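If you count by my numbering, then the sequence shown holds residues -15 to 493, one letter each, in order.
Virtual Cβ for every residue (Gly too), placed ideally from N, Cα, C.
Remember, predicted model here, so these are calculated numbers, not experimental data.
Scroll down for the structure; my scribbles are underneath it.
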Amino acid sequence: MMLSTVFAANLNAQTTDPMVQKIMNETYQNSQLEQLAYELLDGIGPRLVGSPKMQQSHDWAVERFKNWGIDAKNEQWGEWKSWERGTSTIEMVAPHNRSIEGMQLAFSPATGSKGVTADVVMLPEFSSASQFQSWLPSVKGKFVMVSQYQSTGRPEYNWKEFATPESFEKMKKDSEAASEKWQNSIKATGETSRTLNAKLEAAGAAGIISSNWSRGFGVNKIFSAGTKKIPVVDISLEDYGQLYRMIQHKTTPKLKITANSKDRGMAPTFNTVAEIRGSDKPDEYIILSAHLDSWDGGTGATDNGTGTITMMEVARILKKLYPNPKRTIIVGLWGSEEQGLNGSRGYVSAHKDQMPKIQAVFNQDNGTGRIANISGQGFLHAYDYLGRWLNAVPKELTKDIKTTFPGFPGGGGSDHASFVAAGVPAFMLGSLNWSYGNYTWHTNRDTYDKIVFDDVKSNVALIAILTYMASEDPEKASGEKIKLPVDSRTGERMKWPEVKEPIRKGGLD
Ligand SMILES: [Zn+2]
């Protein structure tokens, strides 16, 4: 069994370090967060790997750092298929005319300016692969709806609040049964939801319509298409449901889809790396980590615009108030976290010599909320140094933080894992939820208005003070690992996560 204690950090801290007060003042009285958020999210927009906007955001970040007097550059780690989102419109042209709410999925082929008009069919339920194969030719020239029909567009919390207990239970049961039935039908085709689109394309479908509901009002997850020639669009639950019910009632709806994306071949992919050189121990490092890329259904405001502007604002404040840190402070704004931590893996691979000399990595990547959870990530002595650093932070910023020591090494999920694998004390600064999973994470609603600037400000102050403390600490933070426990399923001792190389050439499959 693992030794693990959970306690609120900072039980009786009060600091007298004047730097802490200065950081607090700069954070709250001269915040640049709203300006940075505007420039990144409204000015540039979503940052899909390989896209021109991804490149624009890297160039913007370098420019911003330089304006603050901080050295910065873009370091290439790979290349990716380059796809540029354009406008997309979806119209119902029969049985009556109206606009449909939806958008082209990332990397979906374009339609040409006249668009594609076709009848809509719904993927039926299958009991065998042969049944699927004999149905397949019927999709020729049709738009195919490939997502499960949702009979309610109300999220569970809304049902719980207003339904009778009987009706709530019935809804949950029905929804579980419908979902199981749908899963079994997909399984019976011999395809997965990933390979299905390519099969429909090969059979001559005119396009694919999905509706990847994120279980909140009006919110869908927007990922990538998986076709080579035909467009794939995602439409709202409400519109998808209406089309479905029309088909059930023997009315065939007809849609016109116009998708104006551009294919731009291959593009180099980068990390933006900024540096405030250390004065006393320039060869020891503190890394402020956040991924700059995003999915592109919204503008990537909370995944991970907030982490990005937080780390940039921390760097601005430290450069202004603490321009000669003892250790070197690096900001890493990674490209392509979303396709598998590629940017941060690229950094670890390119800077192997730095790894043993890193004092700490602070990573932020789960939304706009106040930092609420910090795990020791399996580093035996993390409680000691993290505890000391946290103790310097004003109590109002730490009183609700739950620390878990020694914790367990993160194998994935975000970029700290790339460093943890290399044995570097790297910590995920976990945020309060703010309905992240359903409403903003990888959705069409991840936009500026979801940012809670008060919470982001408190994260800026907290991270700036942690960075200052980590830089000033007379001791090098220990990277000694815990002895991992035996896995009860396999009977074998668990292994520390392995360092992995990034995908160097992506988006081609
Ligand atoms: Zn993220």
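Start-to-end residues for the beta strand (DSSP E) that takes in residue i
| i | result |
| --- | --- |
| I219 | V216 to I219 |
| W61 | D55 to E68 |
| N357 | I355 to S359 |
| R346 | With the sequence shown as reference, residue 346 is identified as Phe, and Arg is not the correct amino acid for it. Looking at the DSSP string, the run of the beta strand (DSSP E) that includes F346 is I342 to N347. |
| R199 | Taken as a continuous stretch (DSSP letters only), R199 belongs to no beta strand (DSSP E), as it is neither H nor E. |
| A94 | Premise fails: A94 is in no beta strand (DSSP E) and is neither H nor E. |
| S83 | R82 to I84 |
| E47 | Premise fails: E47 lies in the alpha helix (DSSP H), P36 to N51, not in any beta strand (DSSP E). |
| I487 | Taken as a continuous stretch (DSSP letters only), I487 belongs to no beta strand (DSSP E), as it is neither H nor E. |
| A285 | Neither: A285 is in no beta strand (DSSP E) and is coded neither H nor E. |
| E75 | S72 to A78 |
| S462 | Segment: none, S462 is in no beta strand (DSSP E) and carries neither H nor E. |
| I193 | G191 to S194 |
Separation of residue j from residue i, as counted between CA atoms
| i | j | result |
| --- | --- | --- |
| V298 | D158 | 49 Å |
| N181 | W61 | 30 Å |
| P496 | V408 | Here the chain has residues from -15 to 493 only, and residue 496 is not among them. |
| G353 | V100 | 42 Å |
| S195 | W279 | 16 Å |
| G282 | K379 | 35 Å |
| E150 | N142 | 15 Å |
| I193 | A102 | 12 Å |
| A251 | G291 | 25 Å |
| S163 | Q132 | 7 Å |
| Y452 | P309 | 8 Å |
| T236 | R229 | 10 Å |
| D433 | G289 | 12 Å |
| K57 | V46 | 6 Å |
| F254 | G34 | 9 Å |
| V123 | P486 | 38 Å |
| A454 | A344 | 7 Å |
| S402 | F146 | 44 Å |
| L(-13) | A405 | At L(-13), the pLDDT of 42 sits below 50, so the modelled position is not reliable and the matter cannot be decided from this model. |
| T256 | G396 | 21 Å |
| G371 | F437 | 26 Å |
| F346 | D399 | 10 Å |
Enclosing alpha helix (DSSP H) for residue i [first to last residue]
| i | result |
| --- | --- |
| V129 | The sequence shown places Met at residue 129, not Val. Looking at the DSSP string, M129 is not in any alpha helix (DSSP H); the run it does join, the beta strand (DSSP E), is F127 to M129. |
| I313 | Note, I313: premise wrong, no alpha helix (DSSP H); beta strand (DSSP E) at R311 to W318. |
| G27 | No alpha helix (DSSP H) holds G27; DSSP gives it neither H nor E. |
| V440 | F437 to E456 |
| E140 | E140 to F146 |
Own chain partners of residue i with C-beta closer than 8 Å, once the 5 adjacent residues on each side are dropped
| i | result |
| --- | --- |
| E497 | In the structure as shown, the chain starts at -15 and stops at 493, and residue 497 therefore has no counterpart that could be examined. |
| E109 | K165, W166 and S169 |
| M478 | L468, P469, V470 and D471 |
| N417 | G351 and G353 |
| P30 | K37, R69, S278, W279, D280, G281, G282, T283 and G284 |
| I293 | L17, L20, A21, L24 and V440 |
Simplified DSSP assignment, three categories, for residue i
| i | result |
| --- | --- |
| S333 | helix |
| L89 | coil |
| S415 | strand |
| I270 | strand |
| T173 | coil |
| T211 | coil |
| M478 | coil |
| I241 | strand |
| A258 | strand |
| H275 | strand |
| A376 | coil |
| W425 | coil |
| E109 | coil |
| I206 | coil |
| S263 | coil |
| Q132 | coil |
| M15 | Per the sequence shown, the amino acid found at residue 15 is Ser instead of Met. Residue state, collapsed to three classes: coil. |
| V298 | helix |
| V4 | helix |
| G327 | helix |
| G137 | coil |
Beta-carbon contacts of residue i that lie in its chain and below 7 Å, excluding the five residues immediately before and after
| i | result |
| --- | --- |
| L(-5) | Reliability fails at L(-5), whose pLDDT of 40 lies under 50, so the model's placement of it is uncertain and no value is given. |
| I449 | V4, I7, A376 and V377 |
| A78 | P237 and K238 |
| I28 | K37, Q40, S41 and W44 |
| Y306 | M3 and Y452 |
| R178 | G210 |
Close beta carbons around residue i, own chain, < 6 Å, minus the five adjacent residues each side
| i | result |
| --- | --- |
| S462 | H365 |
| N443 | T294 and I355 |
| R488 | G62 |
| H426 | K205 and W279 |
Jot down the residue ranges of each uninterrupted beta strand (DSSP E) in the segment 363 to 410, minimum 3 residues, whole runs only, in chain order.
386 to 389
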